[in-house]
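The opening position of the sequence shown corresponds to residue 1 in my numbering, with each subsequent residue numbered one higher.
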Amino acid sequence: SAAAGNAPTQLLVAGAPFMSMTRPPHELFRLQLPRLLIASDERPKKAAEILTQLKTPEALWASITGMRTDTHRWTIEFLNISLSFTLALLMQLKHRFLCPRPWEYSAQIQPLVQTPGHDSWPSGHATESHLMCHLLGVLTGTTAPDRKKGLDKAARDISRNREVAGLHFPTDTTAGRALGNTLARLLVSLAENEAAPAWKARTFDGTS
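Here's what the structure looks like:
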């Protein structure tokens, strides 16, 4: 199966490639174990935040952008559709790449919360948070520096917290960030011109 190797996987939309991803070798995951053990020291101060981010933190995004269900109905619907599309793609990628979770490499990891039943790479939380960060920046405008900084910080914190919790490797986070940003740009491009989106396929090589 191609899933077990390191051959590039082409992601397609309407039959055309929009991204190529190559999964990391097992050696890279093992090399990153010490970083997770160091990150676990942050758990006492991060535990409450991690628990609030187990599901999509709508309240966090709303607090940064001022979104409300009564005044931003269509924006919220678009974001939910984008997240559903992203989740469906993520599950296919996780099942294809078959990358084990950190605890499967070391019993020292001891995740802070229950580990999801699906595989690890790329990180779903990193993908979704960076997708939301980019889309919200476009939808609300990035002329307000504080809002942009808030969106960027939220995406980074959500991603990093999954490492602190012992659920993801740094390479999972990096791949998720690349995928989330790429999907957001693709969705914006399709929204601007569905018939002929301005698009150049991206590449993410997880082998290094």
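All C-beta atoms, glycine included, are put in the ideal place defined by N, C-alpha and C.
In the DSSP output, what is residue i paired with across the bridge?
i, result
"residue 217", "No answer is possible for residue 217: the residues shown for the chain start at 1 and end at 208."
"residue 73", "Answer is none; residue 73 lacks a bridge partner."
"residue 203", "20"
Whole angstroms are fine: how far does the CA of residue j sit from the CA of residue i?
i, j, result
"residue 67", "residue 135", "13 Å"
"residue 141", "residue 114", "37 Å"
"residue 53", "residue 158", "7 Å"
"residue 18", "residue 161", "28 Å"
"residue 4", "residue 50", "The predicted position of residue 4 is uncertain, since its pLDDT is 47 and thus under 50; a value taken from the coordinates is nonetheless stated next. The straight-line gap from Cα to Cα measures roughly 31 Å."
"residue 205", "residue 11", "13 Å"
"residue 104", "residue 112", "15 Å"
"residue 109", "residue 118", "17 Å"
"residue 76", "residue 82", "10 Å"
"residue 15", "residue 138", "26 Å"
"residue 43", "residue 59", "22 Å"
"residue 130", "residue 185", "11 Å"
"residue 29", "residue 71", "45 Å"
"residue 163", "residue 154", "15 Å"
"residue 96", "residue 207", "16 Å"
"residue 22", "residue 40", "28 Å"
"residue 102", "residue 193", "41 Å"
"residue 69", "residue 37", "40 Å"
"residue 100", "residue 116", "11 Å"
"residue 6", "residue 88", "22 Å"
"residue 80", "residue 24", "30 Å"
"residue 26", "residue 183", "26 Å"
"residue 107", "residue 93", "26 Å"
Using a Cβ-Cβ cutoff of less than 7 Å, which residues in the same chain neighbour residue i once the five nearest sequence positions on both sides are dropped?
i, result
"residue 150", "64"
"residue 32", "169, 170, 171"
"residue 127", "86, 90, 176, 179, 180"
"residue 47", "112"
"residue 214", "Within the shown structure, residues of the chain are numbered from 1 to 208, placing residue 214 beyond reach of any answer."
"residue 165", "50, 111, 112, 113"
"residue 35", "170"
"residue 147", "64, 65, 140"
Quick check on DSSP: helix, strand or coil for residue i?
i, result
"residue 188", "helix"
"residue 129", "helix"
"residue 45", "helix"
"residue 160", "helix"
"residue 155", "helix"
"residue 169", "coil"
"residue 181", "helix"
"residue 57", "coil"
"residue 80", "helix"
Whose C-beta lies closer than 6 Å to the C-beta of residue i among residues of the same chain, with five residues either side of it excluded?
i, result
"residue 9", "21"
"residue 202", "19, 182"
Once the 5 residues before and after residue i are set aside, which same chain residues still bring their CB inside 8 Å of it?
i, result
"residue 145", "none"
Would you call the region 121-128 in contact with the region 171-184, where contact means no fewer than 3 C-beta pairs closer than 8 Å? Yes, the region 121-128 touches the region 171-184.
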